[in-house]
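Here the structure comes first, spelled out in structure tokens, and everything after it is commentary.
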Amino acid sequence: MPDDAKNDPNGLRALADGVRQSNRRAIARAITLVESHRDEDLDAASDLLGFLGSDTRKPALRLGISGVPGVGKSTFLEAFGSYLLRRGLRVAVLAIDPSSTVSGGSVLGDKTRMATLASSDQAFVRPTPGAGASGGISPRTREAMAVLEAANFDVVLVETIGVGQSETAIHDLVDYLLLLVLTGAGDELQGIKRGVLELANGIAVTKADRDNRERAESAARELRSALKILHAARPAGPATVFTCSALENLGIAEIWSELEQGHRERVESGALEQLRRDQGVLWYERRVQEEAIRRWLQDPRFQRAFEAQRQAVADGRTTPFAAARATFGSSEPER
Ligand code: GDP
């Protein structure tokens, strides 16, 4: 957006109005602003989020979709999102940039991913910036979701690649985490980390079609009994296990039906509001850490101490441990 608009509260109010009216250009500009790491944009981003506010509007369903490259995430998002559109719902997707290295470099490339969603005026698909390292979560994913929610999307989907940390990060951002898994030979739980299974609210065995259908059903049965034992003590009970085929549109309606019902119940009971507050506290803590580091790194005295100690470590004059302590000891930020 033009710089004058960013510095002008009226410009930001107009941008917030545009978002609320679901103007596509306004949504795109607002997300770009909240994702910006430029110092001069931070105040405007904060003001914009304030203007967007959280009023009494119906909360969107925030759904995380995670799985290894090749499991069928983008095919599922296209099928699931199209199903929601047919039901008259408005859908936004924060998608992984397929050119990122961890995505496995989708052979099909950007244009053909989620073609129906990308071309519908009731849907909005946005690649997550810098999604390479983080598996699809950026330090501004929550703010991007807030913009999409203010734009009155009914469902906000966040796609992440299972790279360990990303499941924890996405779990702390969404209302429901759906893990997509493939059938494999032998032990079906192999390759899925126990901690990840614990975070998921639902697990869908993908590509349950053609020759693979029977195998997928038996994998799902195996998963169900394993989860019952693993998660006997979990308050929410074990994750629901589904089978689905994005290519043949099987299992999609069942997944939505469970999600929709769970969402309605959580909105009515107040559990959703509590969950989002708890998530807000976690996000606040992480953003404070980010801000603390940013401020330290910008402090010239810190920079001098840092360079001096780094050189001392490189020259073998000190240990990394002593140097780290000395770096802060000699550059306390002003209080
Ligand atoms: P992603 O890397 O997780 O986004 O996976 P993709 O959605 O790109 O899918 C990887 C491959 O699996 C592609 O060749 C898809 O055509 C195929 N695939 C995805 N979903 C299904 C499905 O439901 N059934 C079958 N048979 N193949 C699928």
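Heads up: the sequence shown runs through residues 0 to 334, numbered per numbering that gives the first Met the number 0. We treat Cβ as the ideally placed atom computed from N, Cα and C, and that holds for glycine.
Please indicate yes or no: does the CB of Ala245 lie closer than 6 Å to some heavy atom of the ligand GDP? Within the sequence shown, the letter at position 246 stands for residue 245. Yes.
Taking only the alpha-carbon atoms, compute the straight-line gap between Glu253 and Ala59 and give it to the nearest angstrom. Against the sequence shown, residue 253 aligns to sequence position 254. Against the sequence shown, residue 59 aligns to sequence position 60. Using only the alpha carbons, I get a separation of about 19 Å.
Could you check if Phe320 is buried or exposed, using at least 16 other CB atoms within 10 Å of its CB as the buried criterion? The count along the sequence shown starts at 1 and reaches residue 320 at position 321. Exposed, by the Cβ-count rule.
Helix, strand or coil for Glu216, going by three-state DSSP, please let me know. Taking the sequence shown and counting its residues from 1, the one referred to as residue 216 is at position 217. In the structure shown, Glu216 sits in a helix (DSSP, three-state: H, G or I).
Pull the bridge partners of Gly63 from the DSSP assignment, please. Residue 63 sits at position 64 when you count from the first residue of the sequence shown. Answer by DSSP bridge pairing, in chain order: Val157, Leu176.
Where does Leu88 sit, in a helix, a strand or coil, going by DSSP? Indexing the sequence shown from 1 puts residue 88 at position 89. Coil, per DSSP.
What's the gap between the Cα of Ser165 and the Cα of Val157? Taking the sequence shown and counting its residues from 1, one reaches residue 165 at position 166. Taking the sequence shown and counting its residues from 1, one reaches residue 157 at position 158. Cα to Cα, the separation comes out at about 11 Å.
Proximity of Val240 and Ala207 at Cβ, strictly below 7 Å: Locating residue 240 in the sequence shown gives position 241, counting from the first residue. Locating residue 207 in the sequence shown gives position 208, counting from the first residue. Contact flag unset, no.
Which one of Asp96, Asp42, Val173 has the shortest CA to CA distance from Asp277? Residue 277 sits at position 278 when you count from the first residue of the sequence shown. Closest by alpha carbon: Val173.
Let's test the definition: count the other Cβ atoms within 10 Å of the Cβ of Lys356 and tell me whether it reaches 16, buried, or not, exposed. This structure leaves residue 356 out entirely; the chain is present only between 0 and 334.
Ser330 - DSSP class collapsed to helix/strand/coil: Within the sequence shown, residue 330 is the residue found at index 331, counting from 1. Note that Ser330 scores 47 on pLDDT, short of 50, meaning its location in the model is unreliable; the coordinates nonetheless yield the value given after this. It is coil, neither helix nor strand.
State the DSSP-derived secondary structure class of Ser119, mapped to helix, strand or coil. The residue you call residue 119 lines up with position 120 of the sequence shown. Coil, per DSSP.
Counting only beta-carbon separations shorter than 7 Å, does Ala231 have a partner in chain C? Looking for chain C here will not work: only one protein chain is present.
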